[in-house]
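Undergrad: Below is a structure I'd like to ask you about.
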Amino acid sequence: PEDRAWLADKDHFIHPYTDFTTFQQEGSQVIREASGVTVTDTGGKAYLDAIAGLWCMNLGHGRTEIADAMGEQARKMAYFNTFGHSTNVPASLLAAEVAKRAPGSLNHVFYSTGGSTANDTAVRLIHYYFNRLGRHAKKKIISRNDGYHGSTYFASALTGIHGVHLGFDRISQDLVHHVSAANLYRRPAGMDEAQFCDYLVDELRQRIHQLGAENVAAFIAEPVMGAGGVLVAPAGYHRRVAQLCRENEILYIADEVVTGFGRLGHWFASEDRFGHVPDVIVSAKGISSGYCPLGATLFSDAIHEVIAVPQAPGGVLSHGFTYSGHPVSCAAALATIDIIERENILSHVREVGPYMQTRLKELLRHEVVGDVRGDHLMAGIELVKDRERRINFAPDSGATHKVFVAARQRGVIVRPVGNVIVLSPPLVISKAEIDIIVDTLHETMSEVGPALMAS
Ligand code: PLP
17 PEDRAWLADK
27 DHFIHPYTDF
37 TTFQQEGSQV
47 IREASGVTVT
57 DTGGKAYLDA
67 IAGLWCMNLG
77 HGRTEIADAM
87 GEQARKMAYF
97 NTFGHSTNVP
107 ASLLAAEVAK
117 RAPGSLNHVF
127 YSTGGSTAND
137 TAVRLIHYYF
147 NRLGRHAKKK
157 IISRNDGYHG
167 STYFASALTG
177 IHGVHLGFDR
187 ISQDLVHHVS
197 AANLYRRPAG
207 MDEAQFCDYL
217 VDELRQRIHQ
227 LGAENVAAFI
237 AEPVMGAGGV
247 LVAPAGYHRR
257 VAQLCRENEI
267 LYIADEVVTG
277 FGRLGHWFAS
287 EDRFGHVPDV
297 IVSAKGISSG
307 YCPLGATLFS
317 DAIHEVIAVP
327 QAPGGVLSHG
337 FTYSGHPVSC
347 AAALATIDII
357 ERENILSHVR
367 EVGPYMQTRL
377 KELLRHEVVG
387 DVRGDHLMAG
397 IELVKDRERR
407 INFAPDSGAT
417 HKVFVAARQR
427 GVIVRPVGNV
437 IVLSPPLVIS
447 KAEIDIIVDT
457 LHETMSEVGP
467 ALMAS
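Residue numbers (full-length UniProt numbering): 17 to 471.
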């Protein structure tokens, strides 16, 4: 069956985000089983999973407590809808557990199936909110270049990564507007961090002015940009942006799909790492530790008060998914929260996260490495062919793909994203396993780096 899987894949399976040139040449690596931070392919070779599946297997693979919770729920009651007046036990309990850990008054949860649908939900419910307030013009969303918010048509419109739009149409052109990424490595020459922060806040202020605050509903940002290259904003950026939004009655949506549920050492990063309470938080991935698809959009009391008014015009909230509050996914999430608490995962991340960041900085000794950055268990290593002038390799050089392949040969799976090698290991990773990742990357850069520089 494993050989059949490989062939079936090649003939029939259109993979997400796939470079078909390398796919035709190399086919797929079929992963057969996984345990802890290790995944094993059908050839029997084991790898250290330094990307937690895809920023999501936060508690590691093969957690029987989560699998048991899912199995138990599936046997008891695998599914019934949550529309209207129905619910199920895990969905309701989870809403309270999430609200308990969310900052400020973000006490209300709308479930979806993942990050993209959770972002769509954020925007749709914000539009509904302003409609109910009679402010029908307040609809535009400001997002950021290089932000990643998903792949449904609207979440992709929010996404600011250029490549994501190639070959597709851009819908919602007039609804979504992008401002600069908070990319410290590529800030305008001569600016220090504080000046760059001023520059970004000023740019946003001008954009709001240009669009008219009365037309702008929300600003959306990841606390640390993930797929855009792991970009940590200048100190104070999120707080100042949130303040600017408040002054203009613009709602702040924090896309915590990656940063939520422990990756930065806290339940949510917005308040505990970056000092502000958003109006909406979008969560997915780590909420169920990747064991089952789940998205959750958290809304403040103030928003809830408006969207949940009985007998107001349009009193039915016509939004939702068949699998909103899927009991098996919610059971996985409840088990996840329980383990994070029992095993003190947040304090573990606060200990090993800075260790990983410090060790990764050693990679700067390789000429091909232009920048190493990140926060706790989220890191990016940007490759350059000219360090002095910060020039990346040409897109067709396949530079990061070559690093990915060479690291995988040595038994570590990293993720190539544009010019950046991304790391987001399971939160349960040990310092010794972090050492393996960093040592492997040293060897990989020593092998691949000079060849890339010479090419
Ligand atoms: N938002 C962020 C910050 C993400 O990183 C992702 C996925 O990587 C998404 C949204 C989309 O989530 P999904 O792929 O579950 O739809």
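Ideal Cβ positions, reconstructed from N, Cα and C, are used throughout, including at glycine.
Within a Cβ cutoff of 6 Å, which residues of the same chain sit near A90, ignoring the five residues on either side of it in sequence?
TA: For A90, where only same-chain residues beyond five positions count, the Cβ hits under 6 Å are V344.
Undergrad: My guess is that M93 and Y307 are in contact by the Cβ rule of under 8 Å, so how many angstroms apart are they, rounded?
TA: M93 to Y307, Cβ: 18 Å. No contact.
Undergrad: So is T313 buried or exposed if we call it buried at 16+ other beta carbons inside 10 Å?
TA: So T313 counts as buried.
Undergrad: Quick check on the DSSP output: the alpha helix (DSSP H) that includes L35 runs from which residue to which?
TA: In the sequence on display, residue 35 carries Asp and not Leu. Counting along the chain, D35 falls outside any alpha helix (DSSP H), and DSSP gives it neither H nor E.
Undergrad: Quick one: is the Cβ of A234 within less than 7 Å of any heavy atom of the ligand PLP?
TA: No, since every heavy atom of the ligand PLP falls outside the 7 Å radius drawn around the Cβ of A234.
Undergrad: Which residues have their C-beta within less than 7 Å of a heavy atom of the ligand PLP, listed in chain order?
TA: With the cut-off at 7 Å, the residues found are L70, W71, G130, G131, S132, T133, N135, Y164, H165, G166, S167, A171, E238, G242, A243, D271, V273, V274, V298, A300, K301 and G311.
Undergrad: At a cut-off of 7 Å, is Q40 close to the ligand MG when judged by its beta-carbon and the heavy atoms of the ligand?
TA: As presented, the structure is devoid of the ligand MG, carrying the ligand PLP as its sole ligands.
Undergrad: Helix, strand or coil for R426? Go by DSSP, reduced to three states.
TA: DSSP places R426 in coil when its eight states are reduced to three.
Undergrad: Give me the DSSP bridge partner(s) of P432.
TA: P432 is bridged to I437.
Undergrad: Leaving out the 5 sequence neighbours to the left and right, which residues in its chain are closer than 6 Å to A415 when beta-carbon positions are compared?
TA: If we look at A415 and ignore the five residues flanking it on each side, its Cβ neighbours are L399, F409 and L468.
Undergrad: Rounded to a whole number of angstroms, what is the C-alpha to C-alpha distance between G176 and G163?
TA: Their Cα atoms are separated by approximately 5 Å.
Undergrad: Which residue or residues does DSSP assign as beta-bridge partners of G271?
TA: As written in the sequence, residue 271 is Asp, which differs from the Gly given in the question. DSSP, once it has assigned bridges, lists V298 as partnering D271.
Undergrad: Measure the alpha-carbon distance for A328 versus A210 and round it to whole angstroms.
TA: So the alpha carbons of these two residues sit roughly 46 Å apart.
Undergrad: Assuming A198 contacts L216 under a Cβ cut-off of 8 Å, what Cβ separation, rounded to an integer in Å, is found between them?
TA: The pair is a contact, with the Cβ atoms about 6 Å apart (cut-off 8 Å).
Undergrad: My assumption, with CB atoms under 8 Å, is that G131 sits in contact with V273. Please give the rounded CB distance.
TA: Contact holds; Cβ gap of about 4 Å.
Undergrad: Assuming I323 and L310 are in contact, meaning their beta carbons sit under 8 Å apart, how far apart are those beta carbons, in whole angstroms?
TA: At roughly 21 Å, the Cβ-Cβ gap does not stay under 8 Å, so I323 and L310 are not in contact.
Undergrad: Within 10 angstroms of the Cβ of V325, are there 16 or more other Cβ atoms? Answer buried if so, exposed if not.
TA: Looking at its Cβ environment, which holds fewer than 16 other Cβ atoms inside 10 Å, V325 is exposed.
Undergrad: Measuring only the C-alpha atoms, how far is I355 from E113?
TA: For I355 and E113, the distance between alpha carbons rounds to 13 Å.
Undergrad: Cutting at 8 Å between CB atoms, please list the residues of its own chain near Y331, excluding the five before and the five after it.
TA: According to the sequence as given, residue 331 is Gly; it is not Tyr. Excluding residues within five positions, the ones whose Cβ falls inside 8 Å are V325.
Undergrad: Pull the bridge partners of G396 from the DSSP assignment, please.
TA: Bridge partners of G396: R389 and V438.
Undergrad: Kindly give me the distance between the Cβ atoms of G43 and K26, rounded to whole angstroms, as I take these residues to be in contact under 8 Å.
TA: Confirmed, Cβ separation roughly 6 Å.
Undergrad: Classify P466 as buried or exposed, calling it buried when 16 or more other Cβ atoms lie within 10 Å of its own Cβ.
TA: Burial call: exposed.
Undergrad: Does DSSP put I319 in a helix, in a strand, or in coil?
TA: Of the three classes helix, strand and coil, the one that applies to I319 here is helix, per DSSP.
Undergrad: Using C-beta distances below 8 Å, list every residue in its chain close to L362, excluding the 5 sequence neighbours before and after it, in chain order.
TA: Hits under 8 Å: G278, G281, H282, W283 and I356.
Undergrad: Got a sec? Which residues, its chain only, sit under 6 Å from P294 by beta carbon, not counting five neighbours each side?
TA: Here the set comprises Y268, A270 and S286.
Undergrad: Name the one or two DSSP bridge partners that A312 has.
TA: The partner list for A312 (beta bridge, DSSP) reads Y127 and S299.
Undergrad: So what's E49 in DSSP terms, helix, strand or just coil?
TA: The answer is strand: DSSP assigns E49 an E or B state.
Undergrad: By the 10 Å Cβ neighbour count, where 16 or more other Cβ atoms means buried, how is P411 classified, buried or exposed?
TA: Exposed: under 16 other Cβ atoms inside 10 Å.
Undergrad: Where does I407 land, buried or exposed, given buried means 16+ other C-beta within 10 angstroms?
TA: Exposed, since its Cβ has fewer than 16 Cβ neighbours within 10 Å.
Undergrad: Check this for me: beta carbons of F184 and V139, under 8 Å apart or not?
TA: Contact flag unset, no.
Undergrad: Hey, quick one: how far does the beta strand (DSSP E) through residue 518 stretch, first residue to last?
TA: Because residue 518 is not part of the residues shown, which for the chain are 17 to 471, the question remains open.
Undergrad: Given a cut-off of 8 Å on the beta-carbon distance, is the pair E383 and R426 in contact?
TA: Contact: no.
Undergrad: Per DSSP, what are the beta-bridge partners of L247 in this structure?
TA: M241, per the DSSP bridge assignment.
Undergrad: What residues in its chain sit with their C-beta under 6 Å from that of A348, if we drop five residues either side in the sequence?
TA: Within the same chain, A348 has close Cβ partners I82, M86, S304, Y307 and C308.
Undergrad: Quick check on DSSP: helix, strand or coil for T54?
TA: Note: T54 maps to strand in three-state DSSP.
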